Structure formats: C-alpha cells, structure tokens
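Trainee: Residue numbering for the sequence shown follows the working numbering, starting at 91 and increasing by one per position. Here a beta-carbon is modelled for each residue, glycine too, at the ideal position from N, C-alpha and C. Keep in mind the model is a prediction, meaning the values are calculated, not measured. Next up is a structure, given as structure tokens.
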Amino acid sequence: MIRSKMLWKLYAGYAILVLASTTLVALLIARQIERDALEEIRESLHVRALMARELVRHYLSEISSSALPDRVRELGVETQTRITVVRSDGRVLADSHQDPARMGDHSNRPEILAAAAEGYGAATRMSSTVGRRMMYMALALQQQGSTWGYVRTALPLADVDRRLRHLRGEVMVACGISLFVALVLGFVVARRLTRPLISMTAQVESLAEGRFEQGLATTARDEIGTLARAINRVARSSRQRLEALQADRNKLRTILAGMVEGVIAVDRSERLVHMNEAAFKILNTPPEEVSSRPLREIIRVREICETLSRVIGEETEMRAEVTLVGRRGDRHVSLHTAPLWDGDGQLGGAVCVMHDMTELRRLEKVRRDFVANVSHELKTPVTAIRGAVETLQEDPHLTEEEWKRFVGKIHSQCLRLSALLNDLLTLARMESDSVAPERRLCDLRRVLQSALQPLLAAADQGAVKIDVQLSATPVWVLGEQEALGQAAGNLIDNAIKYTPRGGLIYIRLGAQSGYATLEVQDTGLGIEPRHQARIFERFYRVDAARSRELGGTGLGLSIVRHVVLRHGGQVSVESAPGLGSTFRVVLPLAEAQDNSTLS
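This is how it looks when you write it as structure tokens:
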C-alpha cells in the first residue's frame, strides 16, 4: 500500500493544500494570540497597580509610612510582581526587590512621565536597577487634590516571553494535531481508491512466502470481489494445512521435552536440529539455542559425535554405552542411534536417544556387594556351627568339658546368626515403602533410658563408666519409639564395645532451636578419617576381626542412619585415632500439645 504510485499521486496534491492552509491559519492565530496576551498582561499589571495604590493610600492615611517598605516587599513576594512607590519629586520610598536608598531619581522614567501627564503610563524597557528588560505600569497617587507620587508595577519580559512561547506552543500543537488529522483522513480517502488491487497483490505475495494470516475484504460484487474471495479460499486452505503441521510439531516437542531420555537430532551435515532438556542434563551442559549449529561445537563427547557420524555414513542403527567423566563422578549413558528419513525416502540426518544408566549401575553394584557381604556374613557362623556339629558327631570320645565347649560355640554362633538375620529384617522393613510408619509423640528421654537399661550390665562387665546428661524438660519428637530406641541402643552398644576397660562414655540429650540433639561420646580407639565416610554403610567394619570377636553384625550404624533419615534428621561422627569418637544425631522437635498420644 505504501509503495503504490497511484496512492501517492492522489495524496500529494491533497497534502500540499492542507499544509499551506494550516500554516497560514497558524500564523494568523499566533499573531492574534500574541496581541491578546500582551494586552492581558498589561491589564494584569494595571490591576496589580490599582491594588498597590490602595495599599499605599491605606498606609499613608491610617497606619504609618515607616511600615510601608516592609508591606510593599511582602506584597511583591505574594503577587510575584515588582512594586515601586515613587514620590512626585522622583525619590523612591519603597521597592519590593531593591533597597530604596540605593535607587536613583525615577522622575524621568517614561512610565512616570506618562502617569504624570495622563494619570497612568506603560513602558517596556531595560531596567537600570535590576539589569533586565521589564514591562512597567505606573499610576498617579492623588492626595488632597494633588499628585503625591506614583505606584508602579513591573514584570520581567522573560516571564512575558515565556508565557508567549507557551501560548505559541499550544497554537502550534493544536495546528499540528489538526494537520495530522487532516493528513490521516486524506490518506484514508486516497487509500480507499487503491486498496483492492494493492491488498490482493500483498495477499498473493504473503501466500508465496507462507504467511496466511491476512484476509481480503469481499463486499464488492464485481470481478475484483470475485477474485478476492477466490484468494481468500486459497489462503484458508493453506493456513489449515500449516496449522495442522505446527500442531504436530508442538506435540512432538512436548513429548520430547517430557522424556526422561535425552534426544539429539542432527541433519546430514551433522548440524543440530533438536536437543531436549534431558540431553542437556545428561551431558551436563547449560541449555542454549542449538538450532543449526555444528554438533561438535555443542557436544564435547567424542563417542556420541562419532556414533552419529557413523550412522549417517552407514545408514544403519547402532547401540553403544559410554562413560562420561565428571567432577561429581562418572556417568554411564546408553546410546541408541538411528538414521532419519524424509518424505521422499532420502536420508535427512540421525537421531540419538540417551538413557542415563548411572543409577542403575550403582544399584547393581550395591546389590552385588550386598549379596557378597550377606553370603560372607552368613557363611562364617554357618561354617563354625557345621564344624562344631561334625566334630561332635565324628568323635564320640570327647570329654564332657570339650563337649560343653563345642556346644557353647554352637550357641554363640547361633546367637550371632540370629542377630544378623534380625538386623537384615530390620533394614528390609525400613527400606520398604509398602507400609507407612506409625509415628506417635514420644519423649526422647524415656526412649534413651529404655535403650540404656539393658546395656548397663555389659558396661559394668567391661568396667566402662557411663555419664548420662539428660534435658530437664521433655524432648518431644514425632516418630517410631521402637526404631528410635534401637538406633540409640546401637550407638551406646558400639561405644561400650569399642571403649577399653576403665574408659568413659558420655550420653547427652538436649533441645535447641527446634531440634533435639543426642550425642554419644566415648574414650575408645577412635576412627581414622579415611573410614569415617563409610562407617554407616552396611557390613562396613573398621576392624573386621575385632568387630566379629565382639559379636557385631556390621549393620548397627546402617540401621542408625536409616532410622534417623526416616525421621527427617541427620547423623554425623567426629573422631580421631586414640582420642575416641562422638556420634551426633539431630532430629526435629514436635509440638507436645497432646500428651495423651505419648507412647
């Protein structure tokens, strides 16, 4: 429409006419407004002079002429006008802006001379007192039938010019708006004459470029209207096809974005076509716009780039597994790569689906380690029991003392096997999500005392002293009392086992800042730093031989960790070889509002 020659030929003549007429009217209005504004300012000065004259008369007749200068200064500030009182001999009695004593003879001022002759006078000139061009208005002050003096008001021409500029600006804005409206209306009229052909041309060009959002007006009943309706039908049909394709593409993007697997698609030139969010996470790269960028600029994993290159070159599917080395550990990723074909059956690129196998591999390793550890732990007592039973069966000549020793050994190994199985069942129950835990309000002081009572005999037998420091007030937590008691008992039992004779064990329980803190400190052998990170793992022992000798299963601290995490808490250890260990359990406190639920 804008480039239409016919449109601009019609519009040019109209614009010139409107511009010339608007300019002439604006000049005439501006001159008239300027004259009216100057006259209005003169009238304003005349009114202010009348007010000032009445004030001077009032002060001269009723108050005191000595107070007149101060009142003139106040009135000048209030009215923002320079006010001057001049006697008939030309001496200045008061001035709102200057010191009268420093002002010269004013009898020869043009406005004073005019006021002396006609009663009032106006003038515009440079003020010798303030050094600025001013507009003056003077009125004669009559007293007892003669001219006593003159009252003069003045405004700086800068203020007058500013007002005139403001008025001219308003006139120009109004004329500009009128000109703009007239030009717009003229453009609308001219456009209506050329719109049909130009619109149809633009519509056909849009269809050629794949844009279908425009439509043609079809109110006309002539040949142009028939042509416009035909073009509209073509546009609607093309738009529907495009929207269907766009909807399919959006569905595909949504599916790819919601996939756990990472997806990378490239064209035949190995430029990235699409890469979903899961792929960015798997490759540990920040999300960015990757469309049409070379694959090797985005992905630094050589195996993935080579696999995609081979699939494009050989036009066949490939499966592989790669290991991504990172600061937080290695990641195992399974790759399934296949070629992409276009609608004509030609190779268009390749797609790679990545599945993060890291967690699966870790779980497999945990499972293998667990099976191996369980087999080893179960094999030891079973082997000992079998050996003792075979000895009893094959040697009937054993003395009664030897027979009792073998039976005692069988009994101790059975107890160890029973303890191991109980701990395994406890871990299995805690790790199972099929049964929700039944939590009740309980006081950790009572839980700790119940767990400590059965262990006092073992402490006395090992000559280990226990110092218990409990909170003076109840320590309420919401949890499983039996599980909490088992965790506390495991910590105390470990401290007793690994503290030498004559050692001390400190048990502290307190509450602060919304958390309960349980500390079990011993003066035992201590734990080296390299073992501290792993002591909560199942079957991990710092000293395997000593642990088995003391009857440990290797699952006590693992049970403690599971219980604490199950209750939303944290467990930690501080230790140094030869200086003992301190195990610390932190659990969130519960609101002890209903003590009737105390278990």
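Report yes or no: do the region 203–214 and the region 260–268 share at least 3 C-beta pairs separated by less than 8 Å?
Mentor: Output reads no: the region 260–268 does not touch the region 203–214.
Trainee: Check each candidate in A318, P384, M349 and name the one with the smallest Cα separation from R358.
Mentor: Of the listed residues, the one whose Cα sits closest to R358 is P384.
Trainee: Would you report the Cα separation of R132 and T169, rounded to the nearest angstrom?
Mentor: So the two alpha carbons sit approximately 15 Å from each other.
Trainee: My guess is that G438 and D432 are in contact by the Cβ rule of under 8 Å, so how many angstroms apart are they, rounded?
Mentor: Right, the Cβ-Cβ distance comes to about 4 Å (below 8 Å), so this counts as a contact.
Trainee: Name, in chain order, the residues that DSSP records as bridge partners for C82.
Mentor: Nothing can be reported for residue 82, as the shown portion of the chain is limited to 91 through 689.
Trainee: Hey, how far is the Cα of Y104 from the Cα of F277?
Mentor: Approximately 9 Å between the Cα atoms of the pair.
Trainee: Using C-beta distances below 7 Å, list every residue in its chain close to S662, excluding the 5 sequence neighbours before and after it, in chain order.
Mentor: So the qualifying residues of the chain are R674.
Trainee: Specify, as a first and last residue, the run of the beta strand (DSSP E) that I625 falls within.
Mentor: Counting along the chain, I625 falls outside any beta strand (DSSP E), and DSSP gives it neither H nor E.
Trainee: Are the beta-carbon atoms belonging to G668 and T589 less than 9 Å from one another?
Mentor: Contact: no.
Trainee: Suppose you measure from the CA of A184 to the CA of P190; what does that come to, to the nearest Å?
Mentor: Roughly 6 Å between the two C-alpha positions.
Trainee: With which residues is E609 paired in a DSSP beta bridge?
Mentor: In DSSP, E609 forms a bridge with R598, R674.
Trainee: Does DSSP put T113 in a helix, a strand or coil?
Mentor: T113 falls in the helix class under three-state DSSP.
Trainee: Does DSSP put V554 in a helix, in a strand, or in coil?
Mentor: Coil at V554, not helix or strand.
Trainee: Excluding the five sequence neighbours on either side, which residues of its own chain have a C-beta within less than 8 Å of the C-beta of V353, listed in chain order?
Mentor: The answer, listed in chain order, is L346, H364, M365, N366, A368, A369, V441, C442, V443, M444.
Trainee: Check this for me: beta carbons of S734 and A325, under 9 Å apart or not?
Mentor: As displayed, the chain neither begins before 91 nor continues past 689, which places residue 734 out of reach and without an answer.
Trainee: Consult DSSP for Y210 and reduce its assignment to one of helix, strand or coil.
Mentor: Here Y210 sits in strand by DSSP.
Trainee: Please return the same chain residues whose Cβ sits closer than 6 Å to the Cβ of M216, not counting the five positions on each side in sequence.
Mentor: Closer than 6 Å at the Cβ level, and outside the excluded window around M216, lie R223.
Trainee: Go through the region 399–440 residue by residue and report every complete run of the beta strand (DSSP E) that reaches 3 residues or more, in order.
Mentor: The region 399–440 contains these whole beta strand (DSSP E) runs: 408–414, 421–431.
Trainee: Measuring CA to CA, which of M193, A573, L599, E664 is closest to E618?
Mentor: Considering only alpha carbons, the answer is E664.
Trainee: Around the Cβ of D684, are there at least 16 other Cβ atoms within 10 angstroms (buried) or fewer (exposed)?
Mentor: Only weak support is given to the placement of D684: the predicted model assigns it a pLDDT of 42, under 50, and the value that follows is read from those uncertain coordinates. By the 10 Å Cβ count, D684 comes out exposed.
Trainee: Could you tell me the distance, in whole angstroms, from the CA atom of D420 to the CA atom of V356?
Mentor: If you take the alpha carbons of D420 and V356, they lie about 26 Å apart.
Trainee: Relative to the C-alpha of A410, which residue among R529, L545, H426 is closest?
Mentor: Residue H426 is the option with its Cα nearest to A410.
Trainee: Of the choices A212, A230, I288, R138, whose alpha-carbon is the least far from that of D179?
Mentor: Nearest C-alpha to D179: A230.
Trainee: Which one of Q232, I597, H657, A666 has the shortest CA to CA distance from S151?
Mentor: The residue with the shortest Cα to Cα distance from S151 is Q232.
Trainee: Look at the alpha carbon of T448 and the alpha carbon of L414, and state the distance between them as a whole number of angstroms.
Mentor: Rounded to whole angstroms, T448 to L414 spans 10 Å at the Cα level.
Trainee: Could you compute how far the alpha carbon of V271 sits from the alpha carbon of L332?
Mentor: Computed Cα separation, rounded: 40 Å.
Trainee: Measure the Cβ-Cβ separation of V653 and Y605 and say whether it is below 9 Å.
Mentor: No, they are not a contact pair.
Trainee: I'd like to know whether the C-beta atoms of E609 and I597 end up nearer to each other than 9 Å.
Mentor: A contact, by the Cβ cut-off of 9 Å.
Trainee: Considering Cα atoms alone, identify which of E404, H422, E405 is closest to V391.
Mentor: Among E404, H422, E405, the Cα nearest to that of V391 belongs to H422.
Trainee: Relative to the C-alpha of G194, which candidate in V182, R255, L317, E360 has its C-alpha closest?
Mentor: Among V182, R255, L317, E360, the Cα nearest to that of G194 belongs to V182.
Trainee: When the distance is taken between beta carbons, is M227 closer than 9 Å to K139?
Mentor: Note that residue 139 is Ala in the sequence shown here, rather than Lys. Cβ atoms of A139 and M227: closer than 9 Å.
Trainee: Using alpha carbons as the reference points, say which of L317, L273, L538 lies closest to Q571.
Mentor: It is L538 whose Cα lies nearest to the Cα of Q571.
Trainee: If I measure Cβ to Cβ from G600 and keep anything under 6 Å in the same chain, skipping five residues before and after, which residues do I get?
Mentor: Counting only Cβ-Cβ distances below 6 Å, and skipping sequence neighbours, we find S561, T607.
Trainee: Taking the alpha-carbon positions, what's the I475 to K499 distance?
Mentor: Cα-Cα distance, rounded: 7 Å.
Trainee: Looking only at its own chain, which residues have a Cβ that is under 7 Å from the Cβ of D533, when we skip the five neighbours before and after it?
Mentor: Cβ neighbours of D533 beyond the five flanking positions: P564, V565, W566, L688.
Trainee: For G477 and I372, I'd like the C-alpha separation in whole angstroms.
Mentor: Rounded to the nearest angstrom, the two C-alpha atoms are 53 Å apart.
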